[in-house]
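The structure appears below as structure tokens.
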Amino acid sequence: DTNAHGKYFCEEFDFPQERIETLYLEADESIYYPREQVKPPEYSDDFVVLYFGSILPLQGMDVILGAIDRLKEEKNLRFVIVGPIPDGMKKTGEGITEYISWLSQEELAERISQADLCLAGHFDGERGKANRTIAGKTYIYRAMGKRIILGDSDANRELFPDGIYVPRGNSE
Numbered sequence: 104d105t106n107a108h109g110k111y112f113c114e115e116f117d118f119p120q121e122r123i124e125t126l127y128l129e130a131d132e133s134i135y136y137p138r139e140q141v142k143p144p145e146y147s148d149d150f151v152v153l154y155f156g157s158i159l160p161l162q163g164m165d166v167i168l169g170a171i172d173r174l175k176e177e178k179n180l181r182f183v184i185v186g187p188i189p190d191g192m193k194k195t196g197e198g199i200t201e202y203i204s205w206l207s208q209e210e211l212a213e214r215i216s217q218a219d220l221c222l223a224g225h226f227d228g229e230r231g232k233a234n235r236t237i238a239g240k241t242y243i244y245r246a247m248g249k250r251i252i253l254g255d256s257d258a259n260r261e262l263f264p265d266g267i268y269v270p271r272g273n274s275e
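One gets our numbering by counting positions in the sequence shown from 1 and adding 103 to each.
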């Protein structure tokens, strides 16, 4: 799914790299496409930051929650987190964060359309795979024309050289 991931597999299994072809993912553009931003009334004056995912360790949810914790006193800032937060993971920012367990793809697309900024990732700083893969949500956000924050990785830089990058593993 990325050149970086292909290189890893070639090195791991002693396979010739010239026999690898990278096939990047794409978003389903029948669901995920640019649309007018219409925020719900309770968010109308807020800057909305959205993240969605299955909350795998690779995605770095602990890093995202750490950033929310640092920003929890900010006025006119709203985080929307869509995904099943594990029981052992401490939710934070209750005053500025809406936690949603899951949404259908159509409902998710509407929530993404309401966001001013989307968090793509991967944000984990310990797992090598976070450096080699592009989060599927990145393609969805791009298809919808959203501004995104990416974890700084070789894979993300393959397609998004001018992206807004943050160091992986760092909540600051």
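Ideal Cβ placement from N, Cα and C applies to all residues, glycine included.
Beta-carbon contacts of residue i that lie in its chain and below 7 Å, excluding the five residues immediately before and after
{"i": "F155", "result": "V185, G186, L211 and K240"}
{"i": "S274", "result": "V166, G169, A170 and R173"}
{"i": "V151", "result": "K142, R181, V183, Q217, A218 and D219"}
{"i": "L161", "result": "H225, D227, R230, K232 and A233"}
Residue i in three-state terms, based on DSSP
{"i": "A223", "result": "strand"}
{"i": "E201", "result": "strand"}
{"i": "R214", "result": "helix"}
{"i": "R181", "result": "strand"}
{"i": "N234", "result": "helix"}
{"i": "E209", "result": "helix"}
Residue span of the alpha helix (DSSP H) that contains residue i, given as start and end
{"i": "E115", "result": "N106 to F116"}
{"i": "L262", "result": "D257 to L262"}
{"i": "T241", "result": "G239 to A246"}
Residue span of the beta strand (DSSP E) that contains residue i, given as start and end
{"i": "L253", "result": "I251 to G254"}
{"i": "I267", "result": "I267 to V269"}
8 Å CB neighbourhood of residue i in its chain, flanking five on each side removed
{"i": "L128", "result": "D104, I237, G239 and Y242"}
{"i": "L253", "result": "A223, G224, T241, N259, F263, G266, I267, Y268 and V269"}
Between the CA atoms of residue j and residue i - distance to the nearest angstrom
{"i": "E115", "j": "R271", "result": "23 Å"}
{"i": "D219", "j": "L153", "result": "8 Å"}
{"i": "D117", "j": "Y111", "result": "10 Å"}
{"i": "K177", "j": "F263", "result": "The sequence as given places Glu at residue 177; Lys does not occur at that position. Roughly 29 Å between the two C-alpha positions."}
{"i": "E201", "j": "R260", "result": "30 Å"}
{"i": "S256", "j": "Y135", "result": "24 Å"}
{"i": "A233", "j": "A130", "result": "20 Å"}
{"i": "R122", "j": "A107", "result": "14 Å"}
{"i": "Q140", "j": "A246", "result": "14 Å"}
{"i": "R250", "j": "S147", "result": "18 Å"}
{"i": "E164", "j": "E124", "result": "The sequence shown places Met at residue 164, rather than the Glu named in the question. Near 31 Å, if we compare the C-alpha coordinates of E124 and M164."}
{"i": "R230", "j": "I188", "result": "19 Å"}
{"i": "E209", "j": "G196", "result": "26 Å"}
Chain-order list of residues whose beta-carbon lies under 6 Å from that of residue i (same chain, five-residue window excluded)
{"i": "D149", "result": "N179 and R181"}
{"i": "R138", "result": "S216"}
Subject >> Completely contained beta strand (DSSP E) runs for the region 122-179, where each covers 3 or more residues >> reply: 150-155
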